[in-house]
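K.L.:
Those protein sequences? They're chains U and P, same order as listed.
So for the first sequence, my numbering puts the first residue at 20; every next one is plus one.
So for the second sequence, my numbering puts the first residue at 303; every next one is plus one.
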Amino acid sequence: MSFDGGLGLAARGVVPLEPVPEAEQPRPRRRQRPRLWRVTIFVLAAIYFIGPQLAAFKFSLVLSDGKYGLGNYGQIIQNSALRDALFTSLEISAITAVVVVALVLPTVVWIRLRAPKLTLLLEGITILPIVIPPVVLAAGLEQLEGHSPQWLVSLVFNHALTGLTPFYVILALPFSYRAIDTGVRAIDLRTLVDASRSLGSSSFSTLTRVILPNVQTAVLGAVFLTVALCLGEVVIANILLYVTFPVEIIQVGQETGPGVQVAVSILSLLFVFGLLFALSFLAGRKRGATSTRLI
Amino acid sequence: MIFLGLPLYSVIHGAFTTDGGSLTFQNFSTTFSSAADMSAFKNSLLIGLWTALLGAALGTWLAAAVLAGNPGGMVQRVVSSASGVLAYFAGVPLAFAWIATLGSTGVATVLLKHIGINLYSGGFTIASLTGLALAYTYFQIPLMVILITPALEGLRPQWEEAAQSLGASKLSYMRHVAIPVLTPAFVGATLILFGNAFSAYATALALTGGTIAIVPTQINEALNGNVIANQDRVGLALGVEMIVVVAFVMIGYWMVQSRARRWLQ
């Protein structure tokens, strides 16, 4: 930024009329010669993060007889236990995602409009599921299951879908809250709501037909994070003896050897990475570079 | 809140009562006098501490390096997507990637053996505390990137320019402006990283098959009666002790968080 008054203008929120020279003067030098400290961490990160993935890929290509081939990947498709577990997990993910969005979007809008003071409190709460040990949650659930009446057990706990979904909703709420809150913050919520109200729409149609389309990338981000979480959660499912996708990945190794495990791991990592990566392009296309960070 | 509170209540209630339902502290004293439980606690605290510090330092460095680049560029997209995957999803798949790399037949292990370094003869295994810490750092760094990026973005370029126009060097800008402003956010994020590693179990479960002595393993074993039967309530007492540790972490987090807000939104 130049020193001849541009600072004052920017401080008052006025866009300077000539942003071109000030933006370009320091920049070209930086681009030509990348700083040493940046290069160092990128190289370190590349080795540390990509190295194991490459190693895993090579490992997954080695078959049980020592030859190279894609056999491990073929076995994934043939393995019916793995397929069933994946479908269970996908069902749970889908239901969880729908419930989460239906809960979070109205909450965020309501808090932004009516109770902005609660924002701080909610942001504190959203940290809880990261730090509360899932193993303790699972222990509590096991206790509850043991003390529940029979009808509740057969209604809720006997199937992974009903037994896990409510708790995955809880685990996914915070991440989704953050993602959707970022999206709602970026739009002019009050104006949109007032305009929609003055044209005579109900709260519900304001929410679904005005706000939802405006924050669809953020909602999509919340959905993807929820799916990632549901596909990855293993501790609760394992202790409560439900066979979901990650639980089955651990178990499948005992029959087929580690090659298949590693192959499934790579594919699932790539799948989730693909979801989030695609999302970053959707977000970038809509609002420019500033809101690409949805996570 | 009900779904989060009910299991927690049931843990706390179970830990303080006997099978008959009367109040007791017996379960807690059992855990405190058990050498295995205490060393599990030490291991969990250690692994939380080390991976949090390492993750926080490297994560901040990486986030700063990414932000200094082209906004909305390829590097930024890849790093932010990858961070999301690794921080929120990757417990089990991650463990298998590490087994493939540094397990007893892993690619890196075999490669190092060819050039004369035998990792496993030196006492290293991927199922050890060091191996686990290595794997935990793999999701701690991305989580730090996610947590610290908003704070780094909140550092306004105007502040640096103002400092420079007053004659500050790059170093003194860092020392007197950037670091003081960032410290609360950094400490807060580090606390969360600690809580995350302290309570994580998925990676350990897949990596070691539940043999490593950290607190979640002890809880799992107590609940499933792998070692001694009828240890349920001892497991619950361990759970309560974990919650106490996490509660301290959260109180610390909330305290620094209100400070962090003074300068950064």
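A virtual CB, placed ideally from N, CA and C, is assigned to each residue, including glycine.
CB Thr439/P to CB Thr362/P, shorter than 8 Å?
P.N.:
Taking 8 Å as the Cβ cut-off, Thr439/P and Thr362/P do not qualify as a contacting pair.
K.L.:
Cα separation between Ala282/U and Ala256/U?
P.N.:
Going from the Cα of Ala282/U to the Cα of Ala256/U covers about 22 Å.
K.L.:
Is the CB of Arg364/U under 8 Å away from at least one CB in chain P?
P.N.:
Shown here, chain U extends from 20 to 314; a query on residue 364/U therefore has no answer.
K.L.:
Tell me which residues share the same chain as Gln258/P and place their Cβ nearer than 8 Å to its Cβ, disregarding the 5 neighbours each side in the sequence.
P.N.:
Residue 258/P is absent from the model: chain P starts at 303 and stops at 567.
K.L.:
Which of the three DSSP states, helix, strand or coil, is assigned to Gln51/U?
P.N.:
For Gln51/U, the pLDDT reaches just 45, beneath the cut-off of 50, and the residue's location in the model is therefore unreliable, leaving the point undetermined.
K.L.:
When you compare each of Ile514/P, Tyr503/P, Leu509/P and Arg561/P to Met544/P by their alpha carbons, which one comes out closest?
P.N.:
Answer by Cα proximity: Tyr503/P.
K.L.:
Tell me, please, whether the CB atom of Thr403/P is closer than 8 Å to any CB atom in chain U?
P.N.:
Yes, because at least one Cβ of chain U sits closer than 8 Å to the Cβ of Thr403/P.
K.L.:
At least one CB of chain U closer than 8 Å to the CB of Met552/P: is that the case?
P.N.:
Yes, its Cβ sits closer than 8 Å to a Cβ of chain U.
K.L.:
Can you pull the chain P residues whose beta carbon is under 9 Å from the beta carbon of Lys77/U, in chain order?
P.N.:
Ala402 and Val409, listed in chain order.
K.L.:
Would you verify that the beta carbon of Val150/U is, or is not, closer than 8 Å to some beta carbon of chain P?
P.N.:
Yes, Val150/U lies at the interface with chain P (some Cβ there is under 8 Å from its Cβ).
K.L.:
Pick helix, strand or coil for Met557/P, following the three-state DSSP scheme.
P.N.:
DSSP places Met557/P in helix when its eight states are reduced to three.
K.L.:
Leaving out the 5 sequence neighbours to the left and right, which residues in its chain are closer than 7 Å to Val394/P when beta-carbon positions are compared?
P.N.:
Once the five neighbours on either side are set aside, the close Cβ partners of Val394/P are Ala504 and Ala508.
K.L.:
Taking 8 Å as the threshold (C-beta atoms), are Leu364/P and Ile69/U in contact?
P.N.:
It is not a contact, given that the beta carbons lie outside the stated cut-off.
K.L.:
Output needed in chain order: residues of the region 124-135 of chain U with a Cβ under 7 Å from some Cβ in chain P.
P.N.:
Taking 7 Å as the Cβ-Cβ cut-off against chain P, none of the residues of the region 124-135 of chain U qualify.
K.L.:
Between the C-alpha atoms of Gly497/P and Leu431/P, what's the straight-line distance to the nearest angstrom?
P.N.:
Going from the Cα of Gly497/P to the Cα of Leu431/P covers about 17 Å.
K.L.:
Distance cutoff 8 Å, beta carbons only. Does Pro106/U sit that close to anything in chain P?
P.N.:
A quick correction: the sequence has Phe, not Pro, at residue 106/U. No, because no Cβ of chain P sits closer than 8 Å to the Cβ of Phe106/U.
K.L.:
Can you give me the C-alpha to C-alpha distance between Leu156/U and Ile494/P, rounded to a whole angstrom?
P.N.:
Going from the Cα of Leu156/U to the Cα of Ile494/P covers about 18 Å.
K.L.:
Where Gln460/P and Pro486/P are concerned, what is the direct C-alpha to C-alpha distance, given to the nearest angstrom?
P.N.:
Cα to Cα, the separation comes out at about 21 Å.
K.L.:
Return the CA-CA distance between Ala214/U and Leu208/U, expressed in angstroms with no decimal places.
P.N.:
When rounded, the distance between both Cα atoms is 10 Å.
K.L.:
Can you list the residues of chain C that Val387/P reaches, using a CB-CB cut of under 8 Å?
P.N.:
No chain C is present in this structure, whose protein chains are U and P.
K.L.:
According to DSSP, which residues form a beta bridge with Tyr87/U?
P.N.:
According to DSSP, Tyr87/U bridges with Val81/U.
K.L.:
Tell me whether the region 132-152 of chain U and the region 186-196 of chain U touch, counting them as touching only if at least three CB pairs, one residue from each stretch, are closer than 8 Å.
P.N.:
Short answer: they touch.
K.L.:
I want to see whether chain U comes within less than 8 Å of Phe391/P, judged by CB atoms only; does it?
P.N.:
At least one chain U Cβ lies under 8 Å of Phe391/P.
K.L.:
Val558/P to Thr513/P, Cα distance in whole Å?
P.N.:
Taking the straight line joining both Cα atoms gives about 36 Å.
K.L.:
Between Leu413/P and Gly433/P, what straight-line distance do the alpha-carbon atoms span, to the nearest angstrom?
P.N.:
C-alpha separation (whole angstroms): 17 Å.
K.L.:
Count the other CB atoms within 10 Å of the CB of Phe300/U; is the residue buried (16 or more) or exposed (fewer)?
P.N.:
Burial call: exposed.
K.L.:
Mind checking Ile96/U: buried by the 16 CB within 10 Å criterion, or exposed?
P.N.:
Exposed.
K.L.:
Does any residue of chain U bring its CB to less than 8 Å from the CB of Arg477/P?
P.N.:
So no, Arg477/P is outside the interface.
K.L.:
Please list, in chain order, the chain P residues whose beta carbon lies closer than 8 Å to that of Ser221/U.
P.N.:
Within 8 Å Cβ-Cβ: nothing; Ser221/U doesn't reach chain P, min ~28 Å.
K.L.:
State buried or exposed for Ile151/U, treating a residue as buried only when at least 16 other CB atoms are found within 10 Å of its CB.
P.N.:
The residue in question, Ile151/U, is buried, as its Cβ has 16 or more Cβ neighbours within 10 Å.
K.L.:
Please compile the residues from chain U whose C-beta is within a distance smaller than 7 Å of the C-beta of Tyr555/P.
P.N.:
Neighbours of Tyr555/P on chain U, chain order: Ile146.
K.L.:
Of the residues that make up the region 533-548 of chain P, which ones have a beta carbon closer than 7 Å to any beta carbon in chain U?
P.N.:
From the region 533-548 of chain P, only Gly537, Leu538, Gly541, Met544, Ile545 and Val548 have a Cβ closer than 7 Å to chain U.
K.L.:
Taking all protein chains shown into account, do 16 or more other C-beta atoms lie within 10 angstroms of the C-beta of Thr210/U, making it buried, or fewer, making it exposed?
P.N.:
Result: exposed.
K.L.:
Can you tell me whether Ile401/P is buried or exposed, with buried defined as 16 or more other CB within 10 angstroms of its CB?
P.N.:
It counts as buried.
K.L.:
Please tell me whether Phe488/P and Val547/P are closer than 8 Å, where the distance is taken between their beta carbons.
P.N.:
Not a contact, by the Cβ cut-off of 8 Å.
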